[in-house]
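Enquirer: Numbering (the UniProt record's numbering), first residue to last: 1 to 977. Every residue, glycine too, gets a C-beta built ideally from N, C-alpha and C. I have a structure here, written as structure tokens, and I will follow up with some questions on it.
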Amino acid sequence: MRLDNLGATIGESTSRKVLGYVTRHSPLLFRFAMSRKLKGVLNKIKELVEEMKTFGLENFVNPEQRQHPWRQTHSKLDESTEIFGRGDDKKGVVKLLLEQQDQRNVQVLPIFGMGGLGKTTLAKMVYNDQEVKHHFQLKIWHCVSDNFDVIAILKSIIELAINDLPEKEKALARQGGWCMSGNIELLQKKLDEVIGRKRFLLVLDDVWNEEKRTWDDELKPLLCSVGGQGSVIVVTCRSKKVASIMCTIKPHELAFLCEEDSWELFSNKAFSSGVEEQAELVIIGRCIVNKCGGLPLALKTIGGLLSSKQHIEESKAIEESNIGDNVGGKHEVMPILKLSYKHLSSEMKQCFAFCALFPKDYEMQKDMLIQLWMANGFIQEEGTMDLTQKAEFIFHELLWRSFLQEMKVKDDIYYGVYETIVCKMHDLMHDLAKDVTNECVTIEELMEQKALVKYARHLQLEKVKKSEVFNGKTSLRTLLAPSRTHQDLKWLPHVSLRALQSVCTSFKAENANHLRYLDLSSCSVDARLLHSICLLYNLQTLRLNDCSELQQLPEDMMVSLGKLIHLYLFGCHKLERMPRNIGQLKNLRTLTTFIVDTRDGCGVEELKDLRHLSNRMELYNLRKIKSAKHAKEANLHQKQNLSELLFSWCLRRFDDPENEACNGEEVLQSLEPHSKMQILELYGYGGLEIPQWMREPQMFHCLRKLIIANCSRCKNIPAVWLSPSLEYLQLVNIDKLKTLCDNLCIEGRACSTPLQLFPKLKQMILEELCSLEGWAENSAGVAIDSLVIFPVLEKLEIGCCPKVASFPLSPVLKSLKLARYYLGVERVWDIPRLPTSLEILWIQCFGGLVVLTSNLGDLAKLRELLVNSCKSLKGLPDGMDGLTSLRELEIRGCPAVEEFPNGLLQRLPALDSLDIQGCPELERRCGEGGEYFHHLVAIPRKSIGMVLESKPEAESSGKKFLRRLLPSCVHSESDNN
Numbered sequence: 001m002r003l004d005n006l007g008a009t010i011g012e013s014t015s016r017k018v019l020g021y022v023t024r025h026s027p028l029l030f031r032f033a034m035s036r037k038l039k040g041v042l043n044k045i046k047e048l049v050e051e052m053k054t055f056g057l058e059n060f061v062n063p064e065q066r067q068h069p070w071r072q073t074h075s076k077l078d079e080s081t082e083i084f085g086r087g088d089d090k091k092g093v094v095k096l097l098l099e100q101q102d103q104r105n106v107q108v109l110p111i112f113g114m115g116g117l118g119k120t121t122l123a124k125m126v127y128n129d130q131e132v133k134h135h136f137q138l139k140i141w142h143c144v145s146d147n148f149d150v151i152a153i154l155k156s157i158i159e160l161a162i163n164d165l166p167e168k169e170k171a172l173a174r175q176g177g178w179c180m181s182g183n184i185e186l187l188q189k190k191l192d193e194v195i196g197r198k199r200f201l202l203v204l205d206d207v208w209n210e211e212k213r214t215w216d217d218e219l220k221p222l223l224c225s226v227g228g229q230g231s232v233i234v235v236t237c238r239s240k241k242v243a244s245i246m247c248t249i250k251p252h253e254l255a256f257l258c259e260e261d262s263w264e265l266f267s268n269k270a271f272s273s274g275v276e277e278q279a280e281l282v283i284i285g286r287c288i289v290n291k292c293g294g295l296p297l298a299l300k301t302i303g304g305l306l307s308s309k310q311h312i313e314e315s316k317a318i319e320e321s322n323i324g325d326n327v328g329g330k331h332e333v334m335p336i337l338k339l340s341y342k343h344l345s346s347e348m349k350q351c352f353a354f355c356a357l358f359p360k361d362y363e364m365q366k367d368m369l370i371q372l373w374m375a376n377g378f379i380q381e382e383g384t385m386d387l388t389q390k391a392e393f394i395f396h397e398l399l400w401r402s403f404l405q406e407m408k409v410k411d412d413i414y415y416g417v418y419e420t421i422v423c424k425m426h427d428l429m430h431d432l433a434k435d436v437t438n439e440c441v442t443i444e445e446l447m448e449q450k451a452l453v454k455y456a457r458h459l460q461l462e463k464v465k466k467s468e469v470f471n472g473k474t475s476l477r478t479l480l481a482p483s484r485t486h487q488d489l490k491w492l493p494h495v496s497l498r499a500l501q502s503v504c505t506s507f508k509a510e511n512a513n514h515l516r517y518l519d520l521s522s523c524s525v526d527a528r529l530l531h532s533i534c535l536l537y538n539l540q541t542l543r544l545n546d547c548s549e550l551q552q553l554p555e556d557m558m559v560s561l562g563k564l565i566h567l568y569l570f571g572c573h574k575l576e577r578m579p580r581n582i583g584q585l586k587n588l589r590t591l592t593t594f595i596v597d598t599r600d601g602c603g604v605e606e607l608k609d610l611r612h613l614s615n616r617m618e619l620y621n622l623r624k625i626k627s628a629k630h631a632k633e634a635n636l637h638q639k640q641n642l643s644e645l646l647f648s649w650c651l652r653r654f655d656d657p658e659n660e661a662c663n664g665e666e667v668l669q670s671l672e673p674h675s676k677m678q679i680l681e682l683y684g685y686g687g688l689e690i691p692q693w694m695r696e697p698q699m700f701h702c703l704r705k706l707i708i709a710n711c712s713r714c715k716n717i718p719a720v721w722l723s724p725s726l727e728y729l730q731l732v733n734i735d736k737l738k739t740l741c742d743n744l745c746i747e748g749r750a751c752s753t754p755l756q757l758f759p760k761l762k763q764m765i766l767e768e769l770c771s772l773e774g775w776a777e778n779s780a781g782v783a784i785d786s787l788v789i790f791p792v793l794e795k796l797e798i799g800c801c802p803k804v805a806s807f808p809l810s811p812v813l814k815s816l817k818l819a820r821y822y823l824g825v826e827r828v829w830d831i832p833r834l835p836t837s838l839e840i841l842w843i844q845c846f847g848g849l850v851v852l853t854s855n856l857g858d859l860a861k862l863r864e865l866l867v868n869s870c871k872s873l874k875g876l877p878d879g880m881d882g883l884t885s886l887r888e889l890e891i892r893g894c895p896a897v898e899e900f901p902n903g904l905l906q907r908l909p910a911l912d913s914l915d916i917q918g919c920p921e922l923e924r925r926c927g928e929g930g931e932y933f934h935h936l937v938a939i940p941r942k943s944i945g946m947v948l949e950s951k952p953e954a955e956s957s958g959k960k961f962l963r964r965l966l967p968s969c970v971h972s973e974s975d976n977n
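Pasting the structure below:
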């Protein structure tokens with residue numbers, strides 16, 4: 001703090017004032033003052049020891065006595081991690097679930113066993129099993145934890161069930177104010193509405209409630225009153241008592257791993273990072289495995305620890321430690337975990353303990369976590385590694401040793417669509433973190449025991465109003481208060497803060513000289529606040545995401561914030577320019593947004609010396625780059641840590657280009673990045689051809705996502721069709737593009753097997769490509785669409801591509817959405833045969849379409865069928881009774897459709913949503929007194945002939961695809977008639 005204050009003083013004072021500050025402190029006075037402070041510290045330690053006994057802090061910090069009401073649900077299984085010894089358990093549980101198909105009442109199957117055995121992992125294996133997926137119409141995963149709040153559980157289940165609804169019904173289902181209600185009766189009605197008679201699988205993970213009355217009288221009657229025949233609730237719990245209270249099926253007790261499986265799991269961790277499997281190490285490892293008693297978490301943890309040891313002597317020391325021969329409960333597991341904790345470096349210990357700040361099962365963002373570690377001074381530079389590199393190393397060490405787990409890439413759509421890495425902690429690891437520190441607390445813990453106030457250093461506020469427990473008695477280092485309920489933080493002693501996350505507008509930077517991390521995302525920042533930030537001379541991370549009114553940053557920012565490492569500006573859509581000379585921030589690693597301007601010090605060449613830039617960067621207003629020479633000076637090809645790049649010739653990505661950039665091709669050629677880019681986005685490019693570097697297939701070996709939009713003059717796309725990594729492709733408004741793949745070395749007669757293009761592509765969106773005719777051409781310019789295949793394509797959207805006469809062949813296509821698909825559609829009487837793998841089919845705005853595809857009835861997996869604005873369509877085809885999985889049927893704006901095929905409504909067993917609009921004769925037959933009316937009684941959700949008062953939101957949601965693809969289609973649906 002003394003150095004921070006001095007740094008702040010230097011930053012804002014003249015040299016004369018600094019000299020005066022130093023000379024006022026004589027060495028004699030300093031020694032005298034320090035001796036008094038040391039004596040005070042010793043007395044304080046003595047007081048703390050006595051107070052620990054008085055307040056019983058060890059019992060209080062026991063996580064089993066604490067509630068964390070905001071645990072997030074998570075059902076995903078990490079496919080990259082091998083699971084040992086649970087194959088038979090999975091088969092047994094799946095068999096039990098499928099055997100309940102004839103049971104009229106909802107059945108409850110508990111999986112129980114001690115912490116660390118893998119109950120949640122087993123539940124995930126079952127939940128994601130293919131047989132289970134096809135057997136149940138609805139699957140829901142809710143993590144209960146130790147807060148058995150019936151209302152909170154019901155709300156979560158309802159919300160998760162709504163998420164499973166078709167897109168057009170979600171907005172309607174979320175109406176009614178139920179989410180704010182604490183009324184059980186209202187929630188029960190909503191639960192019945194969204195689940196209905198579907199056969200559901202509900203997983204209640206990590207249940208602790210041992211009150212039989214709470215289950216029998218409150219929650220069980222509600223959950224067991226809905227659902228169809230064969231519905232099952234799976235419960236995971238540590239307590240046999242919980243299992244006996246809730247079960248209707250004999251509980252499945254999870255056992256310890258056998259010796260062979262234990263060794264496989266242990267050796268997978270211990271010997272998979274370059275550690276040689278020497279004979280002596282194997283003997284030591286076998287002894288350690290025996291001491292772990294078949295507990296998977298202990299085996300992974302100790303295995304990870306052993307892999308980090310370089311010498312056999314170190315491994316022997318672990319083997320000789322008191323690991324514990326009888327692993328039978330948390331208190332026996334904790335010594336094992338503490339042994340691994342003991343072997344962490346002091347920096348790793350602090351970083352791990354800090355994670356106790358977050359609730360159990362909380363998804364921690366990797367970048368945010370690392371930046372908070374740095375802000376609190378837990379990490380010191382070492383050798384050639386700077387702070388960020390050292391923090392990355394520590395993060396991956398904690399991950400490898402199982403102190404952190406479940407690292408995954410997640411789309412963050414709050415500030416725009418970009419990817420972020422998140423991770424979690426196992427429950428027992430969270431318990432361990434709480435055991436080793438009492439500095440990381442939540443506001444609930446402070447409210448329960450105010451004695452913790454004086455020890456609290458790191459605090460998270462969530463979903464509660466301002467607490468008055470502080471009264472200026474604490475020296476917080478970290479405060480995370482992202483909720484808008486904490487906009488007034490005048491009560492907070494800023495002086496000690498190292499890290500602050502808040503939407504507070506009353507924040508005064510002049511009182512926070514030590515601040516290194518500041519997150520004001522979604523805050524209404526004004527000029528006063530921005531200029532006060534320039535007083536934070538020690539700031540390392542500044543997050544201004546989604547500050548929607550932010551138009552410019554202070555010009556003197558570069559001079560003041562010389563220590564800045566991370567600057568986040570996602571979602572600042574009104575930002576018009578950057579401050580001058582941003583290139584002076586030599587430590588920058590994160591610069592999410594850079595807007596080119598013609599002013600001096602605002603050109604793209606400012607990026608030249610920012611060689612540490614990493615992750616994602618979005619470049620806007622590239623039309624203002626003066627020349628290709630200036631573009632080349634940005635040195636993008638040397639910035640090896642950048643993994644995502646966005647190029648936009650406009651101020652915002654979806655703006656229409658004001659004029660064609662005369663030097664677009666030369667500029668883009670000079671902005672060539674390195675060849676390990678993972679995401680590339682291109683908007684408003686005015687060139688006729690793509691640059692040479694985009695023609696080289698080796699440039700895209702690592703590319704996972706490609707988006708090109710509003711490049712109306714461009715004739716081709718990058719050579720990505722053989723990329724081994726590309727999973728997502730979106731092309732919008734590229735008027736001159738005729739084919740996706742050209743100059744292929746393949747001749748029609750010489751090819752005996754189809755050529756696999758886009759070998760990893762899973763999703764493709766094609767919109768407003770008015771010249772696109774097909775998918776591939778050979779070197780002679782001849783179309784060879786029938787000779788190519790997209791082997792793993794699952795989702796395909798095509799809108800306003802009038803010359804395309806077929807869709808790409810894919811054996812695994814699940815979702816197909818078509819709008820205004822053909823030129824001269826009145827001449828096309830039949831959409832081509834559809835793949836039987838389809839689960840979702842949307843057909844919209846086919847003005848001349850008369851007959852649907854002849855094999856529609858063969859789509860046994862189809863769950864959702866939407867036919868919209870096909871005004872010439874005469875009827876639905878025979879054979880639709882083969883759609884045994886169809887849950888939603890919507891027919892809108894098809895006035896010539898007058899009847900269903902004979903007996904169709906009785907032969908769709910899974911149908912739970914029917915929507916008929918703009919089909920007068922069909923509406924009459926479905927209405928009261930009509931011949932179909934009595935067949936509709938069994939369908940839970942239906943809308944016939946009129947839009948209900950609550951329907952507009954659902955309708956607009958259902959047309960979101962149309963609006964995004966071709967707005968004119970919504971307003972003028974009769975253009976093709």
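To the nearest whole angstrom, what separates the beta carbons of residue 501 and residue 516, a pair I think is in contact under 8 Å?
Expert: Walking along the sequence shown from the start, residue 501 turns up at place 501. Walking along the sequence shown from the start, residue 516 turns up at place 516. That belief does not hold up - the Cβ atoms of residue 501 and residue 516 are roughly 13 Å apart, past 8 Å.
Enquirer: List the residues that DSSP assigns as beta-bridge partners of residue 642.
Expert: Within the sequence shown, residue 642 is the residue found at index 642, counting from 1. Answer is 615, bridged to residue 642.
Enquirer: How do the stretch 582 to 598 and the stretch 555 to 566 stand: do at least 3 beta-carbon pairs fall below 8 Å, yes or no?
Expert: With the cut-off at 8 Å, the stretch 582 to 598 and the stretch 555 to 566 touch.
Enquirer: What residue does the beta strand (DSSP E) around residue 899 start on, and which one ends it?
Expert: The residue you call residue 899 lines up with position 899 of the sequence shown. Run containing residue 899: none; DSSP gives neither H nor E here.
Enquirer: Please classify residue 143 as buried or exposed, where buried requires at least 16 other C-beta atoms within 10 Å of its C-beta.
Expert: By one-based count along the sequence shown, residue 143 stands at place 143. Answer is buried; the Cβ neighbour count reaches 16.
Enquirer: Leaving out five residues before and five after residue 399 in sequence, what residues of the same chain have Cβ atoms less than 8 Å from its Cβ?
Expert: Here residue 399 refers to the residue found at position 399 of the sequence shown. So the list reads 405, 407 and 423, once near-sequence residues are dropped.
Enquirer: In whole angstroms, give me the CA-to-CA distance for residue 870 and residue 593.
Expert: For this step, residue 870 is matched to residue 870 along the sequence shown. For this step, residue 593 is matched to residue 593 along the sequence shown. The alpha-carbon atoms of residue 870 and residue 593 are separated by roughly 43 Å.
Enquirer: Using a 10 Å radius around the Cβ and a threshold of 16 neighbouring Cβ atoms, would you call residue 810 buried or exposed?
Expert: By 1-based counting over the sequence shown, the position of residue 810 is 810. Buried is the call here.
Enquirer: Taking 7 Å as the cut-off, is the beta-carbon of residue 847 closer than that to any non-hydrogen atom of the ligand ATP?
Expert: As far as ligands go, the structure on display features none, and thus does not contain the ligand ATP.
Enquirer: Exposed or buried, what is residue 903 when buried is set at 16 or more other beta-carbons lying within 10 Å of its beta-carbon?
Expert: The sequence position of residue 903 within the sequence shown is 903, counting from 1. Its Cβ having fewer than 16 others within 10 Å, residue 903 is exposed.
Enquirer: State the Cα-Cα distance for the pair residue 985 and residue 802, rounded to the nearest angstrom.
Expert: The structure shown has nothing for residue 985, since the chain only spans 1 to 977.
Enquirer: Do residue 421 and residue 436 have their C-beta atoms within less than 8 Å of each other?
Expert: Position 421 of the sequence shown holds residue 421. Position 436 of the sequence shown holds residue 436. No, they are not a contact pair.
Enquirer: For residue 678 and residue 694, what's the separation of their Cα atoms in angstroms?
Expert: In the sequence shown, residue 678 corresponds to position 678, counting from 1. In the sequence shown, residue 694 corresponds to position 694, counting from 1. In a straight line, the C-alpha of residue 678 is about 14 Å away from that of residue 694.
Enquirer: Considering only residues of the same chain and omitting the five flanking positions on each side of residue 190, which have a CB-CB separation below 6 Å?
Expert: As a first step, residue 190 must be located in the sequence shown, where it is residue number 190. Within the same chain, residue 190 has close Cβ partners 158 and 178.
Enquirer: From the DSSP output, read off the bridge partner residues of residue 499.
Expert: Your numbering for residue 499 matches position 499 in the sequence shown. According to DSSP, residue 499 bridges with 478 and 517.
Enquirer: Note down the Cα distance separating residue 690 from residue 569, rounded to an integer number of angstroms.
Expert: In the sequence shown, residue 690 corresponds to position 690, counting from 1. In the sequence shown, residue 569 corresponds to position 569, counting from 1. Distance between the alpha carbons of residue 690 and residue 569 is about 29 Å.
Enquirer: Would you say the stretch 196 to 209 touches the stretch 222 to 233, given that touching needs at least three Cβ pairs under 8 Å?
Expert: Yes, they touch.
Enquirer: Can you find the residues in the same chain that come closer than 7 Å, C-beta to C-beta, to residue 633, ignoring five residues on each side of it along the sequence?
Expert: For this step, residue 633 is matched to residue 633 along the sequence shown. Excluding residues within five positions, the ones whose Cβ falls inside 7 Å are 605 and 608.
Enquirer: Skipping 5 residues on each side, what residues in its chain have a beta carbon closer than 7 Å to that of residue 911?
Expert: The residue labelled residue 911 in the question sits at position 911 within the sequence shown. Closer than 7 Å at Cβ, skipping near neighbours: 886, 887, 889 and 939.
Enquirer: Have a look at 555, 355 and 882 and flag the residue whose alpha-carbon is nearest the alpha-carbon of residue 457.
Expert: Against the sequence shown, residue 457 aligns to sequence position 457. When each option's Cα is compared against that of residue 457, the closest is 355.
Enquirer: From this set, 339, 146 and 411, which residue's C-alpha is nearest residue 365's C-alpha?
Expert: Residue 365 sits at position 365 when you count from the first residue of the sequence shown. The candidate whose alpha carbon is nearest that of residue 365 is 411.
Enquirer: Can you round the beta-carbon distance between residue 109 and residue 252 to whole angstroms, since I take them to be within the 8 Å contact cut?
Expert: For the purposes of this step, residue 109 is identified with residue 109 of the sequence shown, where counting begins at 1. For the purposes of this step, residue 252 is identified with residue 252 of the sequence shown, where counting begins at 1. Their Cβ separation, rounded to whole angstroms, is 7 Å, which keeps residue 109 and residue 252 in contact under 8 Å.
Enquirer: Between the stretch 733 to 747 and the stretch 664 to 681, can you find at least three pairs of beta-carbon atoms closer than 8 Å?
Expert: At 8 Å Cβ cutoff, the stretches do not touch.
Enquirer: Using 8 Å for Cβ pairs, my map puts residue 714 next to residue 684. What's the rounded Cβ distance?
Expert: Locating residue 714 in the sequence shown gives position 714, where the first residue counts as 1. Locating residue 684 in the sequence shown gives position 684, where the first residue counts as 1. Going by Cβ atoms, the distance from residue 714 to residue 684 rounds to 11 Å, so no, they are not a contact pair.
Enquirer: Could you give the first and the last residue of the continuous beta strand (DSSP E) run that contains residue 214?
Expert: Counting from 1 along the sequence shown, the entry for residue 214 is found at position 214. First-last for residue 214: undefined, no H or E at that position.
Enquirer: Please say whether residue 624 and residue 985 have beta carbons closer to each other than 8 Å?
Expert: Any property of residue 985 remains undetermined from this structure, which presents the chain solely from 1 to 977.
Enquirer: Does residue 207 pass the burial test, meaning 16 or more other C-beta atoms within 10 Å, or should it be called exposed?
Expert: For this step, residue 207 is matched to residue 207 along the sequence shown. With 16 or more other Cβ atoms within 10 Å, it is buried.
Enquirer: Can you tell me whether DSSP reads residue 354 as helix, strand or coil?
Expert: As a working mapping, residue 354 is identified with position 354 in the sequence shown. Residue 354: helix per DSSP, three-state reduction.
Enquirer: Would you mind working out which of 338, 670, 128 and 756 sits nearest residue 75, comparing C-alpha positions?
Expert: In the sequence shown, counting from the first residue as 1, residue 75 sits at position 75. It is 128.
Enquirer: Starting from the Cα of residue 162, find the closest Cα among 147, 141 and 833 and give me that residue.
Expert: By 1-based counting over the sequence shown, the position of residue 162 is 162. Among 147, 141 and 833, the Cα nearest to that of residue 162 belongs to 141.
Enquirer: As an exercise, report each continuous beta strand (DSSP E) stretch of at least 3 residues that is fully enclosed by the stretch 772 to 843, in chain order.
Expert: Correct list: 774 to 778, 795 to 799 and 815 to 819.
Enquirer: Note down the Cα distance separating residue 696 from residue 646, rounded to an integer number of angstroms.
Expert: For the purposes of this step, residue 696 is taken as residue 696 along the sequence shown, with counting starting at 1. For the purposes of this step, residue 646 is taken as residue 646 along the sequence shown, with counting starting at 1. About 19 Å.
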